[in-house]
Structures are given as C-alpha cells and as structure tokens.
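All residue numbers for the sequence shown refer to the UniProt record's numbering, where the first residue is 1 and numbers rise by one.
Here is the structure we will look at, set down as structure tokens.
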Amino acid sequence: MIKKCLFPAAGYGTRFLPATKAMPKEMLPVLTKPLIQYGVEEAVEAGMHTMAIVTGRGKRALEDHFDVSYELEHQIKGSDKEHYLTEIRSLIDQCTFSYTRQNEMKGLGHAILTGETLIGNEPFAVILADDLCDGNSDGGVLSQMVELFNKYKCSIVAIEEIDPSHTNRYGIIEGKEIEDGVYMISNMVEKPDPANAPSNLAIIGRYILTPDIFGIIENTPAGKGGEIQITDALMTQAQKGMVLAYKFKGKRFDCGSVEGFVEATNYFYEKSTEQ
Ligand code: UTP
C-alpha cells in the first residue's frame with residue numbers, strides 16, 4: 001500500500017515571474033483551484049492520505065491553503081457561498097499535511113532527498129504539481145501507476161511521447177516494452193539534444209519510488225545544470241534492479257510554461273461547462 005505522496009514545490013518558477021516572486025508556482029490557479037490542490041486530489045483518488053510537501057519561499061501560502069480558515073468559515077457559514085469551500089474542506093478532513101524546507105535549490109533529486117524525513121522507509125509517490133494531469137475512465141494517472149506498482153513492486157516513472165524536437169526539456173528513457181505501454185528502462189538521459197536522444201519517451205511529473213532511492217540520491221553527484229538529478233539516481237536504481245516507465249492514459253499539461261498553463265485553463269474551463 002502506498003500511503004504517502006511527496007510534492008517537491010521549492011523551485012523558483014522563474015518562467016512565471018513576476019507572479020511567482022512572492023508565492024510558489026504551485027499556488028497558481030487553473031480556474032479556481034491552485035495547481036497543488038489538483039495534485040492532492042489525484043493522490044487521494046489513488047488512495048493516499050499523507051501529503052508531504054517540500055517547500056522553499058512562499059511556504060505560508062501553501063500551508064494556509066491546506067488549513068482551516070476560521071475567519072473565512074465563520075464569515076460565509078450558512079450563506080450561498082459556503083459551497084465554494086466544500087472541496088478543499090473535504091481534502092483537509094481526509095488528509096494530513098506535513099512540510100519540510102529545501103534551503104538550497106540543488107535540483108529535483110535533492111528536493112526528493114529533502115523529503116526523506118517526511119517519508120521514512122516505505123514506497124511513496126511523487127507529484128510535480130506543475131504537471132497537471134487528467135486521467136481517463138481507468139482513473140487518475142497516479143492510481144494507474146499504483147496498480148502497476150502492486151504488480152511489479154519497483155520504482156515507476158510516468159512517460160509521454162513528445163515531439164522529438166523537445167527532448168532537451170525532459171528526462172528521456174530507452175527501454176524494452178514488457179507489456180502494453182510498460183517499458184523496462186535500460187537507459188535514461190536528462191534533457192538530451194534531439195540528435196543524442198535515445199527516444200522520444202519523456203518522463204513527466206509522476207513517480208512511484210522505492211525508499212532505497214534516498215541512499216542512491218545521497219551518492220549521486222550533481223549532473224546536468226549542476227543539479228542533483230532524479231534521472232541519474234533512477235538510472236543507478238535501474239542498473240541495480242528494475243525501474244519501469246509507464247505510458248499513462250489521459251492528458252498532461254506543462255503548467256510550468258505559460259503556453260501549457262493557458263492550454264490547461266482552456267481545457268478545464270471547457271470541461272467545467274460540459275458538466
Ligand atoms: P522545474 O524544472 O520546473 O524548475 O522544477 P522551477 O524552478 O520550479 O521552474 P523554472 O524552470 O524556474 O520556471 C520541477 C519541479 O521540481 C521542483 C519544482 O518546484 C517543480 O515542482 N524543484 C526543482 C524543487 O522542489 N527543488 C529544486 O531544487 C528544483
């Protein structure tokens with residue numbers, strides 16, 4: 001059973017400056033909900049109720065969002081506006097939230113290692129909330145991955161086929177397809193130029209990791225961009241045992257970029273008007 005979900009949310013979000021000057025990009029709203037709330041909802045749908053958040057600056061906004069606002073509750077209690085808080089209240093009731101701080105931005109691998117204190121020695125999920133996902137009738141992306149984890153009991157990364165000219169934006173995998181949409185990883189490269197990319201299968205912001213990853217990250221030197229890369233640590237894990245890549249069913253929006261954020265907003269707006 002995977003009970004905990006880690007949210008690395010300490011990045012600078014420079015592509016969204018000045019909006020991200022005083023708040024984390026994970027608090028940017030798509031319609032009325034901040035990105036991180038969509039992530040927490042996806043984790044809950046996958047059966048997780050312990051949320052571990054790695055923050056940097058702007059910690060207050062994240063903590064306050066997942067806390068009861070007594071003043072606000074008192075103000076709108078019994079009014080026709082009360083329903084606006086139903087979803088967030090339900091999340092707060094169902095989950096526990098804990099926080100730790102990454103005090104130096106040394107990359108995603110380092111952010112995940114910082115979260116060890118909140119996770120301990122058990123398999124866990126990771127959501128990068130700026131990758132906003134919408135699953136399909138099989139469930140959310142994370143619940144699809146949990147099903148696969150229950151079968152193989154190893155680390156799993158979610159992947160997507162991308163335009164080959166965009167390989168320098170992602171970790172790219174190479175592997176053998178062992179069942180429909182499931183690859184056993186043999187190679188992984190962080191942000192390769194299209195000419196050197198082993199495939200066009202890109203890792204997106206959903207992972208299930210076994211806890212031995214922490215010791216591996218500790219021994220992983222800084223890689224591309226001088227940052228400790230989770231891709232490098234996963235490559236070591238794949239060499240020692242097995243790491244799978246899963247071509248998820250559903251849609252993903254890169255809300256860390258302005259273009260992806262606008263696409264997500266349009267998509268979720270249209271979806272909301274259909275219901
Ligand atoms: P990004 O590569 O999108 O970086 O991080 P960023 O700093 O957030 O955004 P830009 O590129 O400056 O616009 C991917 C994810 O990893 C987290 C980020 O918060 C984001 O969710 N992250 C990255 C950390 O928590 N710590 C780090 O040191 C790096």
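Built from N, CA and C at the ideal position, the CB exists for glycine as well.
All values derive from a computational prediction rather than experimental measurement.
(message) I'd like to know whether the C-beta atoms of residue 111 and residue 8 end up nearer to each other than 8 Å.
(response) yes
(message) Quick check: does the Cβ of residue 212 come within less than 7 Å of any heavy atom belonging to the ligand UTP?
(response) no
(message) Quick check on the DSSP output: the beta strand (DSSP E) that includes residue 173 runs from which residue to which?
(response) 171-179
(message) Just list the residues that DSSP pairs residue 251 with in beta bridges.
(response) 134
(message) Within 10 Å of its beta-carbon, does residue 167 have 16 or more other beta-carbons around it, so buried, or fewer, so exposed?
(response) buried
(message) Within the continuous beta strand (DSSP E) that includes residue 97, where are the two ends?
(response) 96-101
(message) Following a CB-centred definition, is residue 16 positioned closer than 7 Å to any heavy atom of the ligand UTP?
(response) yes
(request) Could you work out which residue in 195, 231 and 35 is closest to residue 108 when comparing CA atoms only? (result) 231
(request) Measure the CB-CB distance between residue 5 and residue 132 and report whether it falls below 8 Å. (result) no
(message) Does the distance between the C-beta of residue 54 and the nearest non-hydrogen atom of the ligand UTP fall short of 7 Å?
(response) yes
(request) With residue 183 as the anchor, note down where its beta strand (DSSP E) starts and where it stops. (result) 182-190
(message) Is residue 105 a contact residue of the ligand UTP, with contact defined as CB to any heavy atom under 7 Å?
(response) yes
(message) By the three-class DSSP mapping on this structure, what secondary structure does residue 10 have?
(response) coil
(message) Using the Cβ count rule (16 or more neighbours within 10 Å means buried), how would you classify residue 171?
(response) buried
(message) Using a Cβ distance threshold of 8 Å, determine whether the region 18-27 contacts the region 71-90, with at least three qualifying pairs required.
(response) no
(message) Can you check which of these residues, 245, 197 and 17, is closest to residue 206 by C-alpha distance?
(response) 245
(message) Suppose you measure from the CA of residue 102 to the CA of residue 153; what does that come to, to the nearest Å?
(response) 28 Å
(request) Report yes if the C-beta of residue 130 is less than 7 Å from at least one heavy atom of the ligand UTP; otherwise report no. (result) yes
(request) Would you mind sorting residue 11 into buried or exposed? The rule is 16 or more other CB atoms within 10 Å of its CB. (result) buried
(request) In the DSSP assignment, find the unbroken alpha helix (DSSP H) run with residue 277 in it and report its ends. (result) With the chain covering 1 to 275 only, the question about residue 277 has no answer from this structure.
(request) Return yes when at least one heavy atom of the ligand ADP lies under 7 Å from the C-beta of residue 12, else no. (result) Absence of the ligand ADP is noted for the structure shown, with the ligand UTP being the only ligands found.
(message) Check whether the region 203-222 and the region 138-147 touch, using three or more Cβ-Cβ pairs below 8 Å as the test.
(response) yes
(message) Which residue wins for smallest C-alpha separation from residue 199, given the options 186, 210 and 211?
(response) 186
(request) With residue 51 as the anchor, note down where its beta strand (DSSP E) starts and where it stops. (result) 50-55
(message) Could you tell me the alpha carbon to alpha carbon distance between residue 264 and residue 16, rounded to whole angstroms?
(response) 15 Å
(request) Tell me whether the beta-carbon of residue 2 lies closer than 8 Å to the beta-carbon of residue 123. (result) yes
(message) In whole angstroms, give me the CA-to-CA distance for residue 34 and residue 175.
(response) 35 Å
(message) Could you check whether the Cβ of residue 230 sits closer than 8 Å to any Cβ belonging to chain D?
(response) Among the chains of the structure shown, chain D does not appear; only one protein chain is present.
(request) Ignore the nearest five residues each way along the sequence and tell me which others in residue 260's own chain have a CB closer than 6 Å to its CB. (result) 253 and 254
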